[in-house]
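These notes are about the structure you will find just below.
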Amino acid sequence: MSEAKFPTVAVLGAGTMGAGIAQVCAQAGSSVVLQDVTDEFVQRGLARIRDFLQKGVDKGKTTVEQRDAVLSRITTTTDRAGAARGAQLVIEAVPEQLALKNGIFRELAAVVAPDCVLASNTSSLSLAKVFAGVAGPARCIGMHFFNPVPLMALLELVRTDATSAPVIDAVTAYGRQLGKEPILVKDSPGFASSRLGVCLGLEAIRMLESGVASAEDIDKAMVLGYGHPMGPLKLTDLVGLDVRLAIADYLAQELDHPGFRAPELMRRMVAEGKLGKKSGQGFYRW
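Taking the working numbering, I'd label the letters of the sequence shown as residues 2 to 287.
Here it is, written out as structure tokens:
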């Protein structure tokens, strides 16, 4: 294994995305510090990584030695500043709340080394706002991973007006080391992936709402007709209807485009707790 571009990486947030990011960074040879606000959250994230790696062992795709080597590179903590101190790359994967993300980066900018790269995994928020007032804006960049992180090939890199070329080059190279195919987009609402994906998902919900076809047949149209690996309604279930609703509302406000106005069916389902896979029911039963 070649030496990791970033020998030490701090991942802030041990949820589904954070745990996946920590796993792929450890697989690439980095020492990873996985942090969250409680030890319960951290241990839950670590359990996700163990379970994923064990499934690989059970299927013969991962050796026991490889599993143990990845796990040995991951340490955990609830100390955010302690996690970031000494890292060459900090990747934030906390909930999609602008004030929370901005506060974290303002806090950490005073703790990390001047050349430490600060990256946000936000899927749609303005990075100019996420990094507003953060010291050293040239080192700030978006690293938008996709769920499930260990399996999805795409890594959407988002540059702000201030992001330096050396940072873009270093993060692009590291993305390839993670086994990803990076794309580079400029900081704009929804970037490339969320803007297209959410718009398609909302239109699929409108079609279901108006009785054009069943959820299964709408999804089958995109899978069999357009080669999508998963239909837009099943994907919305996987992401979470509440998550996609928040993104839709944000994009509708930022872009002033009718295509991002959330259908009433979506709002009603979220109000009823039908959030998709994580609640056991969305457009499908899980």
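Glycine is no exception: its CB is placed at the ideal position from the N, C-alpha and C atoms.
> Roughly how many whole angstroms lie between the Cα atoms of C117 and G191?
Replying inline: About 26 angstroms.
>> Taking only three categories from DSSP, how would you classify A1?
In response: As displayed, the chain neither begins before 2 nor continues past 287, which places residue 1 out of reach and without an answer.
> For V131, which option in T79, P115, V112, V159 has the closest C-alpha, if you only look at C-alpha atoms?
Replying inline: With respect to the C-alpha of V131, the residue from T79, P115, V112, V159 having the closest C-alpha is V159.
> Over what stretch of residues does the beta strand (DSSP E) that includes V10 continue unbroken?
Replying inline: Per DSSP, V10 belongs to the beta strand (DSSP E) from 9 to 13.
>> Extract the residue ranges of the beta strand (DSSP E) inside the stretch 122 to 183, only unbroken runs of 3 or more that lie entirely within it.
In response: Within the stretch 122 to 183, the complete beta strand (DSSP E) runs of at least 3 residues are 141 to 145, 155 to 160.
>> Distance check for L201 and L256, CA to CA, integer angstroms please.
In response: Computed Cα separation, rounded: 16 angstroms.
> Taking Y251 as the reference, which of S127, E41, G16, G57 has the closest Cα?
Replying inline: Nearest option by C-alpha distance: S127.
> Alpha carbon to alpha carbon, how far is P259 from I184?
Replying inline: Going from the Cα of P259 to the Cα of I184 covers about 27 angstroms.
> With a CB to CB cut of under 7 angstroms and the five nearest residues on each side skipped, what residues in its chain are close to A253?
Replying inline: Counting only Cβ-Cβ distances below 7 angstroms, and skipping sequence neighbours, we find F261, R262.
> Do you know offhand how far K278's Cα is from A205's?
Replying inline: A straight line joining the alpha-carbon of K278 with that of A205 spans about 18 angstroms.
> Starting from S195 and walking both ways along the alpha helix (DSSP H), at which residues does that stretch end?
Replying inline: In the DSSP assignment, S195 falls within the unbroken alpha helix (DSSP H) covering 194 to 210.
>> Quick check on DSSP: helix, strand or coil for K275?
In response: Of the three classes helix, strand and coil, the one that applies to K275 here is coil, per DSSP.
>> So for E93, helix, strand or coil by DSSP?
In response: Correct three-state label for E93: strand.
>> In this structure, how does DSSP classify T76 when only helix, strand and coil are distinguished?
In response: Here T76 sits in strand by DSSP.
>> I'd like to know whether the C-beta atoms of A249 and V199 end up nearer to each other than 7 angstroms.
In response: Contact: yes.
>> Measuring straight from C-alpha to C-alpha, what distance separates W287 and T77?
In response: Those two C-alpha atoms are separated by around 31 angstroms.
> Skipping 5 residues on each side, what residues in its chain have a beta carbon closer than 8 angstroms to that of A247?
Replying inline: Result list for A247: E97, in chain order.
>> Bridge partners for R286 per DSSP, in chain order?
In response: Q282.
> So what does DSSP say about Q44, is it helix, strand or coil?
Replying inline: In the structure shown, Q44 falls within a helical segment according to DSSP collapsed to helix, strand and coil.
> Which term fits V38, buried or exposed, when burial requires 16 or more other beta carbons within 10 angstroms of its beta carbon?
Replying inline: When all chains shown are included, V38 counts as exposed.
>> In whole angstroms, give me the CA-to-CA distance for L236 and V65.
In response: In a straight line, the C-alpha of L236 is about 32 angstroms away from that of V65.
> In chain order, what residues of the same chain have a beta carbon less than 7 angstroms from the beta carbon of T63, not counting five sequence neighbours either side?
Replying inline: Sequence-distant Cβ neighbours of T63 in its own chain, meaning closer than 7 angstroms and more than five residues away, are L54, G57.
> Are the stretch 140 to 155 and the stretch 20 to 38 in contact at 8 angstroms, needing three or more beta carbon pairs?
Replying inline: Contact between the stretch 140 to 155 and the stretch 20 to 38 is present, with at least three C-beta pairs closer than 8 angstroms.
> Among the residues of its own chain, which have a CB less than 7 angstroms from the CB of A174, if the five just before and after it don't count?
Replying inline: Taken in chain order, the residues that qualify are K6.
> Are the Cβ atoms of S125 and S211 separated by less than 7 angstroms?
Replying inline: Contact: no.
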